[in-house]
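**Q** Numbering-wise (our numbering), the sequence shown opens with residue 1411 and increments by one. Okay, handing you the structure first.
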Amino acid sequence: MLATDPSPPSSWPAVSLAGIDDLPGLAALWLQQPNVAIQPAFRTSGALEQLVRHPERGCCLLIREGGQPVAALALSFFLSLREGGRCALVTDSVGHDPHIAMLLGAAIGYAAAHGILHLLLEDGVVAPALAAGAGFVSGPGMWRHHAAATGKQLA
1411 MLATDPSPPS SWPAVSLAGI DDLPGLAALW LQQPNVAIQP AFRTSGALEQ LVRHPERGCC
1471 LLIREGGQPV AALALSFFLS LREGGRCALV TDSVGHDPHI AMLLGAAIGY AAAHGILHLL
1531 LEDGVVAPAL AAGAGFVSGP GMWRHHAAAT GKQLA
């Protein structure tokens, strides 16, 4: 496969939206991370549940292997007058770099399909090389990606 070919190999795991049934596995995955250890487990679980139950507020993209979540990326939606419309902030990520790179690509596709104008990514949420590789541009304290809205909805 050429480096410019946008299609992933068929052996790559699929990215999907997290659902209610994924909450226990997602919470366990997130709570394994050292930076989450300062929060009580119920807060992390509650925040994940809010994303899953209220898709107008955000979503959680995930990758499963063997039926279990192995990587996830959380997005929170908001309206910005400065940005001129609907935006998404990538708030958290968990997993290994190859999976996070896949999730960033999926987030860009999700944004385009759902009329989100800009994806914003705070410094430190993912490795700078992954952000740059996905097409995010570095700015003061934040990485930005302009999503070209397609108007198509993901199934």
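Cβ atoms here follow ideal geometry from the backbone N, Cα and C, with glycine treated the same way.
1) Would you list the residues sitting across from Met1512 in a DSSP beta bridge?
2) What residue range is occupied by the uninterrupted beta strand (DSSP E) comprising Leu1477?
3) Below 7 Å CB to CB, which residues in the same chain sit around Glu1644 once its five sequence neighbours on both sides are set aside?
4) Residue range of the alpha helix (DSSP H) that Leu1441 falls in?
5) Buried or exposed: where does Phe1546 fall if 16 or more other Cβ atoms within 10 Å of its Cβ makes it buried?
6) Would you kindly check if the distance between the Cβ of Leu1472 and the Cβ of Thr1454 is under 9 Å?
7) Have a look at the DSSP bridge pairing and note the partners of Val1547.
8) Would you check if the distance between the CB atom of Asp1533 and the CB atom of Gly1551 is smaller than 9 Å?
9) Quick one: Cα of Ser1490 to Cα of Leu1529, how far?
10) Apart from the five residues on each side of it in sequence, which residues of its chain come closer than 6 Å, Cβ to Cβ, to Leu1427?
11) Can you find the residues in the same chain that come closer than 7 Å, C-beta to C-beta, to Ala1393, ignoring five residues on each side of it along the sequence?
12) Val1462 by DSSP, collapsed to three states: which one?
**A** This is what the structure holds:
1) Taking the first residue of the sequence shown as 1, we reach residue 1512 at position 102. According to DSSP, which records beta bridges pairwise, Met1512 is partnered with nothing at all.
2) The residue given as residue 1477 occupies position 67 in the sequence shown. First, the residue type needs correcting, since residue 1477 is Gly and not Leu in the sequence shown. For Gly1477, no beta strand (DSSP E) encloses it, and the DSSP letter there is neither H nor E.
3) Residue 1644 lies beyond the stretch modelled for the chain, which goes from 1411 to 1565, so this question has no answer here.
4) As a working note, residue 1441 is residue 31 in the sequence shown. From DSSP, the alpha helix (DSSP H) with Leu1441 extends over Leu1433 to Leu1441.
5) Translated into the one-based positions of the sequence shown, residue 1546 becomes position 136. Buried, by the Cβ-count rule.
6) Residue numbering aside, residue 1454 sits at position 44 when the sequence shown is read from its first letter. Residue numbering aside, residue 1472 sits at position 62 when the sequence shown is read from its first letter. In this structure, Thr1454 keeps its C-beta atom at 9 Å or more from the C-beta atom of Leu1472.
7) In the sequence shown, the residue the question calls residue 1547 occupies position 137. Paired residue(s): Arg1554.
8) The residue given as residue 1533 occupies position 123 in the sequence shown. The residue given as residue 1551 occupies position 141 in the sequence shown. Between Asp1533 and Gly1551, the C-beta gap is smaller than 9 Å, which places the two residues in contact.
9) Here the question's residue 1490 lines up with position 80 in the sequence shown. Here the question's residue 1529 lines up with position 119 in the sequence shown. Roughly 12 Å between the two C-alpha positions.
10) Walking along the sequence shown from the start, residue 1427 turns up at place 17. Setting aside the 5 residues that flank it on each side, Leu1427 is surrounded in the same chain by Cys1469, each with a C-beta closer than 6 Å to its C-beta; the list follows chain order.
11) With the chain running from 1411 to 1565 in the structure shown, residue 1393 is simply not present.
12) To locate residue 1462, count along the sequence shown from 1; it is residue 52. The DSSP-derived three-state label of Val1462 is helix.
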